[in-house]
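Take a look at the structure below.
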Ligand SMILES: Cc1cc2nc3c(=O)[nH]c(=O)nc-3n(C[C@H](O)[C@H](O)[C@H](O)COP(=O)(O)OP(=O)(O)OC[C@H]3O[C@@H](n4cnc5c(N)ncnc54)[C@H](O)[C@@H]3O)c2cc1C
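In the UniProt record's numbering, the protein residues as written are 1 to 385.
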């Protein structure tokens, strides 16, 4: 085993130059201040998953904040991952309702650019940039989460396309999205190579053979679903990437899914509210607020470094796993910390934020791959397995 001095560097050096991005940050803050003063949204926790607001998405699109990394030829803005990082960080820190376009903008854009056909690029990218096309993620199934290679949804070739049958679950936003990319088995399981024989398909969530049932959270909220595919027809031109290469494609999509600032900023609005209460002497000063701010500051640097790796097209799965473990633990700790500050005299707005954060907290370390599983990815990066 390596000595501590020779451990490999897991997260690359910081990549976000504060001076070079200051004016973009200021521009986004000004946009957010205008939206807030117009009453366009109420800052909330976990708003990137639960804050579905198509008008807000349209306002972002009008300012060029959607599809920032999409090349101009596909209607995009040809900007860098670092610039997208700055914009998304500001939106998350403000608790803005960005759920409608989040998945499309975060992972469908880079996946379609990498694996999509010319027809798919022209079909989806301009609509995503305009805030007109929303996507879900069709990976998990009732018995396949961490062990994603065990998916049982099957795709069978027919004249002109494929018939998909199976059940997807925990599909965020499927009841409102236009499409998802489903991972399905296109060849029987090969015991010596379980990752072979998987393929991806762009499925029209409003098409025949697709049945969407709500999965309602304990607090009554509805943001994820069960999606039953009952011989849902996918035409040949909506096969995504190569038949049989689904595993390689899905793992590259996961790097984008896991690497962003939403993995440490889901409860930032609450941390700010804690600080403001203390500053206004509406609660006892507690040094833990400083500890949490310090963790967020470090995660800002680390997550920006991952955006730099994506910009350079470097592999990012290991640094993304590090940031996601540390980040989701921090955002959960913020919920727990704030929960200790509520008492009978707490103001209702603060109590509402705390209650939402506590409700959403169990999902932080599960969604996008559990922390236990990601520790395995980190161990691989350290050469331990
Ligand atoms: C809020 C939320 C939104 C989601 N949205 C989507 C979505 O839009 N689309 C989608 O496809 N999925 C979505 N998911 C599903 C998510 O990806 C899965 O919940 C996750 O991958 C874990 O799978 P599982 O729930 O089947 O748990 P399991 O894989 O059954 O794991 C159960 C427990 O066992 C542990 N475990 C499993 N394997 C190992 C191992 N090898 N080593 C150590 N421990 C292990 C896990 O860490 C976990 O604690 C969402 C989940 C949440 C909570």
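By construction, the Cβ of each residue, glycine as well, lies at the ideal position given by its N, Cα and C atoms. Keep in mind the model is a prediction, meaning the values are calculated, not measured.
Cβ-heavy atom distance, residue i to ligand 1, below 6 Å
i, result
"residue 296", "no"
"residue 367", "yes"
"residue 228", "no"
"residue 50", "no"
"residue 170", "yes"
"residue 137", "yes"
"residue 370", "yes"
"residue 373", "yes"
"residue 140", "yes"
"residue 145", "yes"
"residue 275", "no"
"residue 363", "yes"
Inter-residue Cα distance where the pair is residue i and residue j
i, j, result
"residue 313", "residue 128", "22 Å"
"residue 275", "residue 36", "20 Å"
"residue 381", "residue 222", "37 Å"
"residue 115", "residue 283", "52 Å"
"residue 2", "residue 319", "Summary for residue 2: the model assigns pLDDT 49, below 50, so the residue's position carries little reliability, and this model does not support an answer."
"residue 72", "residue 347", "47 Å"
"residue 251", "residue 180", "16 Å"
"residue 34", "residue 265", "21 Å"
"residue 267", "residue 332", "8 Å"
"residue 215", "residue 225", "5 Å"
"residue 196", "residue 131", "35 Å"
"residue 247", "residue 352", "41 Å"
"residue 324", "residue 372", "11 Å"
"residue 368", "residue 257", "7 Å"
"residue 305", "residue 113", "22 Å"
"residue 90", "residue 365", "22 Å"
"residue 308", "residue 329", "23 Å"
"residue 376", "residue 280", "44 Å"
"residue 79", "residue 30", "20 Å"
"residue 6", "residue 59", "49 Å"
"residue 154", "residue 45", "37 Å"
"residue 200", "residue 383", "30 Å"
"residue 23", "residue 160", "50 Å"
"residue 174", "residue 243", "24 Å"
"residue 432", "residue 206", "With the chain covering 1 to 385 only, the question about residue 432 has no answer from this structure."
"residue 109", "residue 70", "7 Å"
"residue 355", "residue 158", "50 Å"
"residue 269", "residue 338", "11 Å"
"residue 188", "residue 151", "11 Å"
"residue 178", "residue 57", "15 Å"
"residue 75", "residue 103", "18 Å"
"residue 8", "residue 317", "15 Å"
For residue i, the residue or residues it bridges with in DSSP
i, result
"residue 35", "Partner(s): none; residue 35 has no beta bridge."
"residue 193", "190"
"residue 56", "In the DSSP output, where bridge partners are listed per residue, residue 56 has none listed."
"residue 324", "DSSP lists no partner for residue 324."
"residue 141", "144"
"residue 157", "162"
"residue 225", "214"
"residue 233", "163"
"residue 204", "179"
"residue 245", "198"
7 Å Cβ cutoff, residue i in contact with chain B
i, result
"residue 84", "Checking the listed chains, one finds no chain B in this structure; it contains a single protein chain."
Assess, as a yes-or-no matter, whether the region 130 to 142 is touched by the region 156 to 173 under the definition of 3 or more beta carbon pairs within less than 8 Å.
yes
Take every Cβ of the region 283 to 295, pair it with every Cβ of the region 221 to 234, and state whether three or more of those distances are shorter than 8 Å.
With a cut-off of 8 Å, the region 221 to 234 and the region 283 to 295 do not count as touching, because too few Cβ pairs lie within range.
With three or more beta-carbon pairs closer than 8 Å as the criterion, would you say the region 254 to 265 touches the region 204 to 222?
With the cut-off at 8 Å, the region 254 to 265 and the region 204 to 222 do not touch.
Count Cβ pairs between the region 116 to 125 and the region 53 to 66 that sit closer than 8 Å; are there 3 or more?
Taking a cut-off of 8 Å for Cβ pairs, the region 116 to 125 and the region 53 to 66 do not touch, as fewer than three such pairs fall below it.
Any chance the region 88 to 104 sits against the region 49 to 56, with 3 or more Cβ pairs inside 8 Å?
Counting Cβ pairs under 8 Å, three or more are found: they touch.
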